[in-house]
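Asks: Supplied in C-alpha coordinates, the structure appears directly below.
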Amino acid sequence: MQTVKRNQQQYDMPLKILSYDELYGWTMDAIVEQIGKKNNCTFCGVFRRQALDRGAASLKVDHIVTGHNADDIAETVLMNIMRGDIARLGRCTSICTHGEDTIKRSKPFKYAYEKEIVMYAYFKKLDYFSTECIYSPDAYRGHARTFLKDLEAARPSAIIDIIHSGEAFEVKEEIKAAQKAQQTCKRCGYMSSNDLCKACTLLEGLERGMASSVITDRARKKMDAIGPAPDNIRTIPLFRSTPTIAVELPSQS
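Residue numbering for the sequence shown follows the working numbering, starting at 997 and increasing by one per position.
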(Lines of atoms letter the chains of each structure in order from A and count residues from 1; the text may use other names and numbers.)
(Lines give C-alpha, C1' and ligand atoms only; values in the text may rest on other atoms or scores of the structure.)
Protein backbone atom coordinates (compact mmCIF):
# COMPACT_ATOMS: atom_id res chain seq x y z
CA MET A 1 0.00 0.00 0.00
CA GLN A 2 2.88 2.36 0.71
CA THR A 3 4.17 1.74 -2.83
CA VAL A 4 0.76 2.64 -4.26
CA LYS A 5 0.71 5.86 -2.24
CA ARG A 6 4.19 6.77 -3.49
CA ASN A 7 3.10 6.08 -7.08
CA GLN A 8 0.15 8.39 -6.57
CA GLN A 9 2.49 11.19 -5.53
CA GLN A 10 5.04 10.46 -8.26
CA TYR A 11 2.48 10.53 -11.07
CA ASP A 12 0.10 13.05 -9.49
CA MET A 13 -2.91 10.80 -9.98
CA PRO A 14 -6.11 10.65 -7.91
CA LEU A 15 -6.26 7.73 -5.50
CA LYS A 16 -9.29 6.20 -3.78
CA ILE A 17 -8.63 3.50 -1.20
CA LEU A 18 -11.41 1.15 -0.09
CA SER A 19 -10.96 -1.61 2.44
CA TYR A 20 -12.88 -4.82 3.00
CA ASP A 21 -13.41 -3.63 6.55
CA GLU A 22 -15.21 -0.52 5.26
CA LEU A 23 -17.32 -2.36 2.71
CA TYR A 24 -18.03 -5.67 4.42
CA GLY A 25 -17.05 -5.26 8.06
CA TRP A 26 -14.38 -7.97 7.72
CA THR A 27 -10.64 -7.76 7.12
CA MET A 28 -8.96 -10.47 5.06
CA ASP A 29 -7.04 -11.58 8.15
CA ALA A 30 -10.32 -12.08 10.03
CA ILE A 31 -11.80 -14.02 7.10
CA VAL A 32 -8.79 -16.36 6.94
CA GLU A 33 -8.97 -16.83 10.71
CA GLN A 34 -12.48 -18.25 10.30
CA ILE A 35 -12.18 -20.25 7.06
CA GLY A 36 -8.50 -21.21 7.03
CA LYS A 37 -6.12 -20.80 4.10
CA LYS A 38 -7.72 -23.20 1.63
CA ASN A 39 -10.63 -21.14 0.23
CA ASN A 40 -9.54 -17.60 1.03
CA CYS A 41 -9.10 -16.68 -2.66
CA THR A 42 -12.82 -17.33 -3.21
CA PHE A 43 -13.77 -14.71 -0.63
CA CYS A 44 -11.09 -12.24 -1.69
CA GLY A 45 -11.92 -12.57 -5.39
CA VAL A 46 -15.66 -12.05 -4.96
CA PHE A 47 -15.23 -9.16 -2.52
CA ARG A 48 -12.52 -7.52 -4.64
CA ARG A 49 -14.55 -7.61 -7.86
CA GLN A 50 -17.52 -6.00 -6.17
CA ALA A 51 -15.30 -3.48 -4.38
CA LEU A 52 -13.86 -2.39 -7.75
CA ASP A 53 -17.35 -1.80 -9.13
CA ARG A 54 -18.50 0.02 -6.01
CA GLY A 55 -15.42 2.22 -5.95
CA ALA A 56 -15.76 2.96 -9.67
CA ALA A 57 -19.45 3.80 -9.27
CA SER A 58 -18.73 6.15 -6.36
CA LEU A 59 -16.22 8.01 -8.55
CA LYS A 60 -18.51 7.88 -11.63
CA VAL A 61 -15.92 5.82 -13.53
CA ASP A 62 -17.19 4.00 -16.63
CA HIS A 63 -14.13 1.86 -17.48
CA ILE A 64 -11.91 -0.19 -15.16
CA VAL A 65 -8.41 -1.23 -16.29
CA THR A 66 -6.73 -4.04 -14.34
CA GLY A 67 -3.16 -5.35 -14.34
CA HIS A 68 -3.88 -9.02 -15.07
CA ASN A 69 -0.99 -10.51 -17.03
CA ALA A 70 -0.56 -13.65 -19.17
CA ASP A 71 0.31 -15.79 -16.15
CA ASP A 72 -2.90 -14.70 -14.39
CA ILE A 73 -5.05 -15.46 -17.43
CA ALA A 74 -3.51 -18.91 -17.97
CA GLU A 75 -4.00 -19.76 -14.29
CA THR A 76 -7.66 -18.76 -14.55
CA VAL A 77 -8.18 -20.90 -17.65
CA LEU A 78 -6.70 -23.92 -15.85
CA MET A 79 -8.81 -23.32 -12.75
CA ASN A 80 -12.04 -22.99 -14.75
CA ILE A 81 -11.27 -26.19 -16.67
CA MET A 82 -10.53 -28.14 -13.49
CA ARG A 83 -13.72 -26.80 -11.86
CA GLY A 84 -15.82 -27.39 -14.97
CA ASP A 85 -16.92 -23.75 -14.84
CA ILE A 86 -18.41 -23.35 -18.32
CA ALA A 87 -19.82 -19.87 -17.73
CA ARG A 88 -16.46 -18.35 -16.80
CA LEU A 89 -14.54 -20.29 -19.46
CA GLY A 90 -16.43 -18.39 -22.12
CA ARG A 91 -15.24 -14.99 -20.95
CA CYS A 92 -12.09 -15.39 -18.82
CA THR A 93 -9.72 -14.78 -21.77
CA SER A 94 -11.49 -11.69 -23.12
CA ILE A 95 -9.44 -8.49 -23.04
CA CYS A 96 -12.61 -6.42 -22.59
CA THR A 97 -15.69 -7.57 -20.68
CA HIS A 98 -18.91 -5.77 -19.90
CA GLY A 99 -22.65 -6.22 -19.83
CA GLU A 100 -25.67 -3.97 -19.85
CA ASP A 101 -25.53 -3.37 -16.10
CA THR A 102 -21.79 -3.75 -15.47
CA ILE A 103 -18.87 -1.37 -15.74
CA LYS A 104 -16.57 -2.17 -18.67
CA ARG A 105 -13.25 -3.81 -17.76
CA SER A 106 -10.05 -4.19 -19.76
CA LYS A 107 -6.89 -6.28 -19.29
CA PRO A 108 -4.23 -4.64 -21.52
CA PHE A 109 -1.42 -6.89 -20.19
CA LYS A 110 -3.18 -10.09 -21.24
CA TYR A 111 -0.27 -11.25 -23.43
CA ALA A 112 2.54 -9.85 -21.25
CA TYR A 113 4.40 -12.37 -19.10
CA GLU A 114 4.72 -11.59 -15.41
CA LYS A 115 8.51 -11.86 -15.61
CA GLU A 116 8.59 -9.38 -18.52
CA ILE A 117 6.64 -6.83 -16.51
CA VAL A 118 8.93 -7.26 -13.50
CA MET A 119 12.06 -6.96 -15.67
CA TYR A 120 10.72 -3.80 -17.31
CA ALA A 121 9.96 -2.23 -13.92
CA TYR A 122 13.40 -3.25 -12.61
CA PHE A 123 15.45 -1.89 -15.52
CA LYS A 124 13.36 1.30 -15.71
CA LYS A 125 13.94 1.70 -11.96
CA LEU A 126 10.23 2.05 -11.32
CA ASP A 127 8.90 2.06 -7.78
CA TYR A 128 7.10 -1.30 -7.54
CA PHE A 129 6.58 -4.26 -5.25
CA SER A 130 6.66 -7.95 -6.15
CA THR A 131 5.62 -9.51 -2.86
CA GLU A 132 3.15 -12.35 -3.30
CA CYS A 133 -0.01 -12.51 -1.20
CA ILE A 134 0.84 -14.41 1.97
CA TYR A 135 -2.33 -16.50 1.65
CA SER A 136 -2.12 -17.51 -2.04
CA PRO A 137 0.35 -20.47 -1.80
CA ASP A 138 -2.19 -22.56 0.13
CA ALA A 139 -5.16 -21.51 -2.00
CA TYR A 140 -6.53 -23.22 -5.12
CA ARG A 141 -4.92 -20.63 -7.41
CA GLY A 142 -1.58 -21.27 -5.73
CA HIS A 143 -1.69 -24.91 -6.83
CA ALA A 144 -2.65 -23.86 -10.36
CA ARG A 145 0.29 -21.43 -10.39
CA THR A 146 2.74 -24.13 -9.28
CA PHE A 147 1.41 -26.52 -11.94
CA LEU A 148 1.69 -23.80 -14.59
CA LYS A 149 5.33 -23.10 -13.69
CA ASP A 150 6.13 -26.81 -14.00
CA LEU A 151 4.48 -26.85 -17.43
CA GLU A 152 6.41 -23.76 -18.50
CA ALA A 153 9.70 -25.38 -17.47
CA ALA A 154 8.96 -28.30 -19.80
CA ARG A 155 7.35 -26.20 -22.54
CA PRO A 156 8.24 -22.47 -22.54
CA SER A 157 5.19 -21.56 -24.64
CA ALA A 158 2.76 -23.24 -22.20
CA ILE A 159 1.30 -19.99 -20.86
CA ILE A 160 0.42 -18.53 -24.25
CA ASP A 161 -0.71 -21.95 -25.50
CA ILE A 162 -3.18 -22.22 -22.62
CA ILE A 163 -4.49 -18.71 -23.27
CA HIS A 164 -5.04 -19.51 -26.96
CA SER A 165 -6.79 -22.73 -25.94
CA GLY A 166 -9.06 -20.73 -23.66
CA GLU A 167 -9.83 -18.32 -26.49
CA ALA A 168 -10.90 -21.26 -28.66
CA PHE A 169 -13.56 -22.36 -26.17
CA GLU A 170 -17.02 -21.38 -27.30
CA VAL A 171 -20.16 -21.95 -25.25
CA LYS A 172 -22.96 -23.39 -27.36
CA GLU A 173 -26.06 -21.23 -27.79
CA GLU A 174 -28.28 -23.84 -26.13
CA ILE A 175 -25.99 -23.80 -23.09
CA LYS A 176 -26.09 -20.00 -22.97
CA ALA A 177 -29.88 -20.10 -23.19
CA ALA A 178 -30.04 -22.51 -20.25
CA GLN A 179 -27.92 -20.26 -18.02
CA LYS A 180 -29.66 -18.08 -15.47
CA ALA A 181 -30.46 -14.55 -16.57
CA GLN A 182 -28.75 -11.68 -14.77
CA GLN A 183 -30.85 -9.83 -12.21
CA THR A 184 -30.11 -7.75 -9.14
CA CYS A 185 -29.41 -8.99 -5.65
CA LYS A 186 -32.47 -8.57 -3.43
CA ARG A 187 -30.30 -7.55 -0.51
CA CYS A 188 -27.67 -5.17 -1.92
CA GLY A 189 -28.78 -4.47 -5.50
CA TYR A 190 -25.59 -5.78 -7.13
CA MET A 191 -25.71 -7.87 -10.32
CA SER A 192 -26.49 -11.54 -9.68
CA SER A 193 -27.96 -14.62 -11.32
CA ASN A 194 -29.57 -15.61 -8.00
CA ASP A 195 -31.77 -13.88 -5.45
CA LEU A 196 -28.64 -13.06 -3.43
CA CYS A 197 -25.31 -12.18 -5.01
CA LYS A 198 -22.22 -14.22 -4.16
CA ALA A 199 -20.80 -11.46 -1.95
CA CYS A 200 -23.96 -11.31 0.19
CA THR A 201 -24.01 -15.10 0.46
CA LEU A 202 -20.36 -15.23 1.55
CA LEU A 203 -20.82 -12.35 3.99
CA GLU A 204 -23.85 -14.01 5.55
CA GLY A 205 -21.85 -17.21 5.93
CA LEU A 206 -19.13 -15.29 7.76
CA GLU A 207 -21.66 -13.55 10.00
CA ARG A 208 -23.34 -16.84 10.88
CA GLY A 209 -20.04 -18.62 11.52
CA MET A 210 -20.48 -21.08 8.67
CA ALA A 211 -18.25 -19.54 6.02
CA SER A 212 -16.75 -22.88 4.99
CA SER A 213 -20.22 -24.10 3.99
CA VAL A 214 -21.05 -21.27 1.58
CA ILE A 215 -18.32 -21.88 -1.01
CA THR A 216 -20.47 -24.03 -3.31
CA ASP A 217 -23.62 -23.12 -5.23
CA ARG A 218 -25.63 -25.16 -2.72
CA ALA A 219 -24.69 -22.70 0.01
CA ARG A 220 -28.04 -20.92 0.02
CA LYS A 221 -29.91 -24.17 0.65
CA LYS A 222 -27.58 -25.06 3.52
CA MET A 223 -28.17 -21.74 5.25
CA ASP A 224 -31.93 -21.80 4.61
CA ALA A 225 -32.09 -25.27 6.17
CA ILE A 226 -30.66 -23.83 9.39
CA GLY A 227 -33.15 -20.99 9.43
CA PRO A 228 -33.56 -17.37 8.29
CA ALA A 229 -30.71 -14.93 8.72
CA PRO A 230 -30.74 -12.97 11.99
CA ASP A 231 -31.96 -9.39 11.65
CA ASN A 232 -28.78 -7.93 13.15
CA ILE A 233 -26.18 -9.39 10.78
CA ARG A 234 -23.99 -6.96 8.88
CA THR A 235 -24.98 -6.47 5.24
CA ILE A 236 -23.48 -4.79 2.19
CA PRO A 237 -24.83 -1.29 1.41
CA LEU A 238 -27.25 -0.99 -1.50
CA PHE A 239 -25.40 -0.74 -4.81
CA ARG A 240 -26.20 2.53 -6.57
CA SER A 241 -24.47 4.73 -9.11
CA THR A 242 -23.06 6.62 -6.12
CA PRO A 243 -23.13 4.03 -3.31
CA THR A 244 -22.43 4.77 0.30
CA ILE A 245 -19.19 3.06 1.34
CA ALA A 246 -20.13 1.89 4.79
CA VAL A 247 -21.29 -1.22 6.57
CA GLU A 248 -24.51 -1.47 8.55
CA LEU A 249 -23.48 -2.59 12.00
CA PRO A 250 -25.77 -4.64 14.23
CA SER A 251 -27.78 -2.62 16.69
CA GLN A 252 -26.57 -2.61 20.26
CA SER A 253 -29.15 -3.87 22.73
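Ideal Cβ placement from N, Cα and C applies to all residues, glycine included.
In this text, all values refer to a predicted model and were calculated from it rather than measured experimentally.
Is the distance from the Cβ of Y967 to the Cβ of A1047 below 9 Å?
Replies: No answer is possible for residue 967: it lies beyond the span of the chain, which begins at 997 and ends at 1249.
Asks: Using only alpha-carbon positions, find the residue among T1180, K1106, I1099, L1202 that is nearest to S1090.
Replies: Walking along the sequence shown from the start, residue 1090 turns up at place 94. It is K1106.
Asks: Taking C-alpha atoms, which residue in F1165, S1189, C1193 lies nearest to L1074?
Replies: Along the sequence shown, read from residue 1 onward, the residue named residue 1074 stands at position 78. The shortest Cα separation from L1074 among F1165, S1189, C1193 belongs to F1165.
Asks: In the DSSP assignment, find the unbroken beta strand (DSSP E) run with H1059 in it and report its ends.
Replies: Residue mapping note: residue 1059 aligns to position 63 of the sequence shown, counting from 1. Its beta strand (DSSP E) spans residues 1059-1061.
Asks: Helix, strand or coil for C1088, going by three-state DSSP, please let me know.
Replies: Position 92 of the sequence shown, counted from the first residue, corresponds to residue 1088. Of the three classes helix, strand and coil, the one that applies to C1088 here is coil, per DSSP.
Asks: DSSP has T1093 in a bridge; who is on the other side?
Replies: The residue you call residue 1093 lines up with position 97 of the sequence shown. The partner list for T1093 (beta bridge, DSSP) reads R1101.
Asks: My understanding is that W1022 touches L1202, with C-beta atoms under 8 Å, so please give their C-beta distance in whole angstroms.
Replies: If you number the sequence shown from 1, residue 1022 lands on position 26. If you number the sequence shown from 1, residue 1202 lands on position 206. The Cβ separation is near 6 Å, so the contact holds.
Asks: Leaving out the 5 sequence neighbours to the left and right, which residues in its chain are closer than 8 Å to K1100 when beta-carbon positions are compared?
Replies: The sequence position of residue 1100 within the sequence shown is 104, counting from 1. Counting only Cβ-Cβ distances below 8 Å, and skipping sequence neighbours, we find D1058, H1059, I1060, C1092, T1093, H1094.
Asks: Excluding the 5 residues flanking F1143 on each side, which residues of the same chain have their C-beta closer than 8 Å to its C-beta?
Replies: Here residue 1143 refers to the residue found at position 147 of the sequence shown. So the list reads L1074, once near-sequence residues are dropped.
Asks: Count the other CB atoms within 10 Å of the CB of S1188; is the residue buried (16 or more) or exposed (fewer)?
Replies: Here residue 1188 refers to the residue found at position 192 when the sequence shown is read from its first residue. Buried: at least 16 other Cβ atoms inside 10 Å.
Asks: Take D1117 and list the residues in its own chain whose beta-carbon comes closer than 6 Å to its own, dropping the five residues that flank it on each side.
Replies: Residue mapping note: residue 1117 aligns to position 121 of the sequence shown, counting from 1. Strictly speaking, residue 1117 in this sequence is Ala, with Asp absent from that position. Within the same chain, A1117 has close Cβ partners Y1124.
Asks: If you follow the alpha helix (DSSP H) that K1111 is part of, which residue opens it and which one closes it?
Replies: Counting from 1 along the sequence shown, the entry for residue 1111 is found at position 115. Counting along the chain, the alpha helix (DSSP H) containing K1111 begins and ends at 1110-1119.
Asks: Taking only the alpha-carbon atoms, compute the straight-line gap between C1184 and C1196 and give it to the nearest angstrom.
Replies: Locating residue 1184 in the sequence shown gives position 188, counting from the first residue. Locating residue 1196 in the sequence shown gives position 200, counting from the first residue. So the two alpha carbons sit approximately 7 Å from each other.
Asks: I believe Y1000 touches I1082 by the beta-carbon criterion, under 8 Å. Please report the beta-carbon distance rounded to the nearest angstrom.
Replies: In the sequence shown, the residue the question calls residue 1000 occupies position 4. In the sequence shown, the residue the question calls residue 1082 occupies position 86. Reading the sequence as shown, one finds Val at residue 1000 and not Tyr. Contact flag wrong, Cβ pair sits at about 36 Å.
Asks: According to DSSP, what are the bridge partners of S1188?
Replies: Along the sequence shown, one-based indexing puts residue 1188 at 192. According to DSSP, which records beta bridges pairwise, S1188 is partnered with Q1179.
Asks: Just the Cα atoms here: how many angstroms apart are T1231 and L1122?
Replies: Here the question's residue 1231 lines up with position 235 in the sequence shown. Here the question's residue 1122 lines up with position 126 in the sequence shown. Rounded to whole angstroms, T1231 to L1122 spans 40 Å at the Cα level.
Asks: If you drop the 5 nearest sequence neighbours on each side, which residues of the same chain put their C-beta closer than 7 Å to that of R1137?
Replies: Start at 1 with the first residue of the sequence shown, and residue 1137 comes out as number 141. C1037, E1071, M1075, listed in sequence order.
Asks: Any idea what DSSP makes of S1126, helix, strand or coil?
Replies: To locate residue 1126, count along the sequence shown from 1; it is residue 130. The answer is coil: DSSP assigns S1126 none of H, G, I, E or B.
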